[in-house]
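Just below is one structure, and these are the notes that go with it.
Number of protein chains: 2
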Amino acid sequence: MTKNKAKNKSISTSPPRGMRDFLPLEVHRRFYAIEIIRGVYESHGFEPLETPSLENISVLSGKYGEEGDRLLFKVLKRGDKLETALSKITAPASEKKAEGGASSGEGLADLGLRYDLTVPLARVIAHNRGKFPRLFKRYQIQPVWRADRPAKGRFREFYQCDVDIVGSHSPAVEVDLLEAAAEALQALGFDDFIIRLNHRKLLFGMLSLAGIEGEKAISAVTALDKLDKVGVDGVKKELEERGINQESIKGIEPLLNAPTGKEALTYLKPICMDNKDAQEGLEETRRIVELMENGPAGEQLAIDPCLARGLDYYTGAIFEIQSPALGVSLAGGGRYDNLIGMFSGEDVPACGVSLGLERIIKIMEELMLFPEVQTCPHLLVTSWSEELLGRSIELARLFRKAGLSVDTHFDPGKLGKQLKYAETKSIRFAAIIGPEEDQKDLITLKDLSTGKQETVSFKGALEQITSAFQIMGGAF
Amino acid sequence: MTKNKAKNKSISTSPPRGMRDFLPLEVHRRFYAIEIIRGVYESHGFEPLETPSLENISVLSGKYGEEGDRLLFKVLKRGDKLETALSKITAPASEKKAEGGASSGEGLADLGLRYDLTVPLARVIAHNRGKFPRLFKRYQIQPVWRADRPAKGRFREFYQCDVDIVGSHSPAVEVDLLEAAAEALQALGFDDFIIRLNHRKLLFGMLSLAGIEGEKAISAVTALDKLDKVGVDGVKKELEERGINQESIKGIEPLLNAPTGKEALTYLKPICMDNKDAQEGLEETRRIVELMENGPAGEQLAIDPCLARGLDYYTGAIFEIQSPALGVSLAGGGRYDNLIGMFSGEDVPACGVSLGLERIIKIMEELMLFPEVQTCPHLLVTSWSEELLGRSIELARLFRKAGLSVDTHFDPGKLGKQLKYAETKSIRFAAIIGPEEDQKDLITLKDLSTGKQETVSFKGALEQITSAFQIMGGAF
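Protein sequence lines, in the order shown, are assigned to chains G and S.
Using this note's numbering, read the first sequence as starting at 1424 and increasing by one per residue.
Using this note's numbering, read the second sequence as starting at 1424 and increasing by one per residue.
The following block contains the structure:
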């Protein structure tokens, strides 16, 4: 490879930074995990939705907070529209200033790559009012793109597996979502995870009690969201940098030092007394905990009053599913009762949870949770000579008609190479038709797992293969 | 919707131009078609591959001919790199001219959206030499993007379902690919299609005989590719516009007027006599026809010496599968023995065919080829009151554990609304737990297809539902 690459130094054959090619075994594993997640989601009555990879830039802008806007992949305008946008940029400085921001490439892009699956859902709901029942439960398993700095386990193209419920304020919504996500993880083989639960009203209510409101509160939440990574002192430092005064920082200390277990409910109750939002948030949290108690994810549930989650659009309960042993986040989500209103002008309650496929697959590989699946063909039909190539093709067709998965090799004569190919692909049987076999209308069938070979009729060969794979006639 | 949109005139809720949202029924149909295609591809021994949606711009540029380069969606650089690129554009005109082409946005983009699945395959092969067996058969079913003018049945984001074989010059490769594609179409329910087959060597050989070579020949092929749409006179006119002289146009008239059936082999033989390439192309075409004769796609095969196909990278056999009744193309492909070499520096033979999922689905809808599939939940568990919400959730869990797909509704009290919801989603059964049922540990089960309802035990309800859906215990 090195030698050849040297000849074409100008073109790198790597996938783009932070993105990956998936080779066959990896794709099979992705299919496997997606199928299981889909099955659990459908068992909860969720229906599938798919949206375009690209969205109009106006749909994406201003939905994800300061960080999100920076991480959007934007698509360059084309043709005349690009020329017009460029001419504005190259116009004399006096004109340019009036336009504002042209120097950062504003106006050059008309589309952006999907940043999550929630904003597109909100757009679709606003666009299709009346087409859906008032209560709408959808799942969506598709890639999203973020121009984040790539790191171990963090990619610029990655799949999210989302379930969302639109149209109800009931805390039973959160319960249904969290249980669907937990059951999906359990079905994949995860038995060690915790669900961290918090509530934005509780959070902002507490911030308000500490005198932090409006823009400042949103800024403070971004800092709180890093408690995990930077600790109490780190958060305090960032709060200071964000212009929160010492008194306010002192005021939210109870939040920073709260217990992370269910006892948080009792701990926070007296503290919330003087703020209606905080009380409401606490009560909704309590109800979710109560309804989940005897369910499949009751034991995994923990209240974490410091959980903040970065996205601007959350309004109620927020959650994150983590693997404590591995220290990674497997899923996140929350309630966003105002997002759809940003498109439709009319608020519609909504809530969702998103499983991160890439981390799930990585951990499943580490914990060896993938079963050994038969994904290779049952049989390779070899080719003996240019003259007999037609016979080999015909034989492959016959085996396929009988329901087998059949590979063929197209380099007549080099039988050793062909058998080697079968081994590389873990194909167990090879069928050989040479001149002798052709004359007698027989096949030499080689079992590559034992090295044994036998010259048999087509029917005999078929029986041997199907019984080796325990395939019922026609039923597969 | 109109009312609400008026409030937010600035944000359109439509998907981007030429792109689509897929609602639940549409997604189920896409899944169904993809599963069938995947099954056929795997039965031929093809292995799955997936590549990033984005490619480095250097990978995509110059691979698709003049039209392709124009239709690429390009992604704007970010951060410092964008600033640098912009500063070059806004630099004084004298500097700019020296850079060349900056006015068309060159240098502003570092990535492009995947335009097809073939160039990414070639890049992956070049990048992973040694990881794959020398003969590599892969399938890939993913979306591609082209900034084409949207039209009926033509979209800017659409799925391709590709099979390619890398590493063999044998015409058996073309046979395997065309039969896999044909079998996939047949499995989907298509019985009326033709496979138009031609060969680039035959085409360029004939052009050479008419005195058209090099760049001119590539240009002429672009014109020939439109014979379908603009007819013989239209092609002649475009050839003229492209600077082909009258004598040469006269020279390729035999090609324009050739029969489109298999008799073309005989018709072309004497005409090809004086050109080695043309002869080779004709011989390879003949061999493909011969090997396909008794196979599943033998009857659909037709030779079309005027078929050109637009993409620059084809070198040998080229094909297009069409539905003559509907006048649309369902698939296309060909041999591209030089493309991988553009990345690896070493030529590797390769050939592929690509099924166009969007047209396939559209026609399947028109011809009603989709089966009625049970995709809705088996049962809706309603909720009676806030107090009994926990009981409803518990019951839903129990039915799910027993293997049913169970939806729940979260608006206690409004039973009529809940049953209406079940009807909208075509859910057949509804389970109701009111205070009476709760006390007696029973369930009222309503069959919405008949309107009948009965108060039964959990076991009784489960039996009634499973027998209605003919579900074997635990086997689904």
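Glycine residues also receive a C-beta, built at the ideal position from the N, C-alpha and C atoms.
Beta-carbon gap between residue i and residue j smaller than 8 Å
| i | j | result |
| --- | --- | --- |
| glutamate 1597(G) | cysteine 1729(G) | no |
| leucine 1842(S) | alanine 1853(S) | yes |
| valine 1586(S) | histidine 1467(G) | no |
| serine 1746(S) | phenylalanine 1616(S) | yes |
| glycine 1757(S) | alanine 1740(S) | yes |
| valine 1589(G) | valine 1771(G) | yes |
| proline 1573(G) | arginine 1732(G) | no |
| isoleucine 1763(S) | alanine 1595(S) | no |
| leucine 1494(S) | aspartate 1571(S) | yes |
| phenylalanine 1766(G) | arginine 1546(G) | yes |
| leucine 1540(G) | glutamine 1563(G) | yes |
| aspartate 1834(G) | serine 1593(S) | yes |
| glutamate 1533(G) | leucine 1632(G) | Contrary to the premise, residue 1533(G) reads as aspartate rather than glutamate in this sequence. Taking 8 Å as the Cβ cut-off, aspartate 1533(G) and leucine 1632(G) do not qualify as a contacting pair. |
| glycine 1535(S) | glutamate 1478(S) | yes |
Per-residue contacts from residue i into chain S (C-beta, under 8 Å)
| i | result |
| --- | --- |
| tyrosine 1487(G) | Neighbours of tyrosine 1487(G) on chain S: none; closest Cβ ~15 Å, over 8 Å. |
| alanine 1532(G) | Leu1499 |
| proline 1566(G) | Ser1476 |
| phenylalanine 1892(G) | None at all; the shortest Cβ gap to chain S is about 14 Å. |
First and last residue of the uninterrupted alpha helix (DSSP H) at residue i
| i | result |
| --- | --- |
| histidine 1550(G) | 1541-1550 |
| phenylalanine 1555(S) | No alpha helix (DSSP H) holds phenylalanine 1555(S); DSSP gives it neither H nor E. |
| leucine 1802(S) | Per DSSP, leucine 1802(S) belongs to no alpha helix (DSSP H); it is in the beta strand (DSSP E), 1802-1804. |
| lysine 1673(S) | 1669-1674 |
| isoleucine 1784(S) | 1780-1789 |
| glutamate 1846(S) | 1838-1847 |
| threonine 1645(G) | 1637-1647 |
| glutamate 1877(S) | Per DSSP, glutamate 1877(S) belongs to no alpha helix (DSSP H); it is in the beta strand (DSSP E), 1876-1879. |
| glutamate 1606(S) | 1594-1611 |
| aspartate 1651(G) | 1650-1664 |
7 Å Cβ cut-off: residues of chain S touching residue i
| i | result |
| --- | --- |
| methionine 1442(G) | Pro1475 and Leu1477 |
| valine 1751(G) | Those do not exist, as valine 1751(G) stays about 22 Å from chain S at its closest Cβ, beyond 7 Å. |
Same chain, Cβ closer than 8 Å to residue i, neighbours up to 5 away in sequence not counted
| i | result |
| --- | --- |
| leucine 1818(G) | Val1804, Ala1854, Ile1856, Ile1866 and Phe1881 |
| serine 1437(S) | none |
| lysine 1430(S) | Note that lysine 1430(S) scores a pLDDT of 44, beneath 50, so its modelled location is shaky and nothing firm can be said. |
| glycine 1750(G) | none |
| alanine 1891(S) | Arg1851, Phe1852 and Asp1870 |
| leucine 1821(G) | Phe1881 |
Neighbouring residues, chain G, relative to residue i (Cβ below 9 Å)
| i | result |
| --- | --- |
| serine 1466(S) | Pro1800, Arg1823, Gly1826, Leu1827, Ser1828 and Val1829 |
| aspartate 1599(S) | Ile1816, Ala1819, Thr1831 and Phe1833 |
Spatial neighbours of residue i in its chain, beta-carbon cut-off 6 Å, leaving aside the 5 residues before and after
| i | result |
| --- | --- |
| glutamine 1702(S) | Cys1695 |
| glycine 1524(S) | Interpretation of glycine 1524(S) is limited by its pLDDT of 42, a score under 50 that renders its predicted location unreliable; the figure taken from the coordinates is listed afterwards. Cβ neighbours of glycine 1524(S) beyond the five flanking positions: none. |
Residues that residue i contacts on chain G, provided the C-beta gap is smaller than 8 Å
| i | result |
| --- | --- |
| leucine 1834(S) | Reading the sequence as shown, one finds aspartate at residue 1834(S) and not leucine. By Cβ distance, chain G contributes Leu1558, Ser1591 and Ser1593. |
| leucine 1688(S) | Here the premise fails: no neighbours, minimum Cβ distance about 17 Å. |
Neighbour list for residue i in chain S, Cβ cutoff strictly below 9 Å
| i | result |
| --- | --- |
| histidine 1622(G) | Neighbours of histidine 1622(G) on chain S: none; closest Cβ ~18 Å, over 9 Å. |
| proline 1388(G) | The structure shown does not extend to residue 1388(G), since chain G spans only 1424 to 1899, so no value can be given for it. |
Enclosing beta strand (DSSP E) for residue i [first to last residue]
| i | result |
| --- | --- |
| leucine 1499(G) | 1497-1499 |
| cysteine 1695(S) | It is not in any beta strand (DSSP E) - cysteine 1695(S) instead sits in the alpha helix (DSSP H) that spans 1687-1695. |
| aspartate 1861(S) | Premise fails: aspartate 1861(S) lies in the alpha helix (DSSP H), 1858-1863, not in any beta strand (DSSP E). |
| threonine 1738(S) | No beta strand (DSSP E) holds threonine 1738(S); DSSP gives it neither H nor E. |
| aspartate 1830(S) | 1829-1831 |
Residue i - partner residues in DSSP beta bridges
| i | result |
| --- | --- |
| lysine 1560(G) | Ile1588(G) |
| cysteine 1774(S) | Ile1588(S) and Arg1758(S) |
| asparagine 1698(S) | Asparagine 1698(S) is not bridged to any residue. |
| serine 1746(G) | Val1751(G) |
| arginine 1619(S) | Ala1725(S) and Glu1743(S) |
| leucine 1536(G) | Leu1477(G) |
| isoleucine 1904(G) | Chain G is shown only over 1424 to 1899; residue 1904(G) falls outside these bounds and no answer can be derived. |
| glutamate 1470(G) | Arg1561(G) |
Beta-carbon contacts of residue i that lie in its chain and below 7 Å, excluding the five residues immediately before and after
| i | result |
| --- | --- |
| arginine 1709(G) | Leu1688 |
| arginine 1665(S) | Ser1642, Ala1643 and Ala1646 |
| leucine 1827(G) | His1801, Leu1802 and Ile1888 |
| leucine 1368(G) | Beyond the ends of chain G as shown, which are 1424 and 1899, falls residue 1368(G); an answer cannot be given. |
| proline 1884(G) | The amino acid at residue 1884(G) is misidentified as proline; the sequence shows alanine. Ala1854, Ile1866 and Leu1868, listed in sequence order. |
| glycine 1556(S) | The sequence as given places proline at residue 1556(S); glycine does not occur at that position. Correct list: empty, nothing qualifies. |
Neighbouring residues, chain G, relative to residue i (Cβ below 7 Å)
| i | result |
| --- | --- |
| lysine 1848(S) | Pro1556 |
Proximal residues of chain C, C-beta to C-beta of residue i below 9 Å
| i | result |
| --- | --- |
| valine 1586(G) | The structure shown contains no chain C; its protein chains are G and S. |
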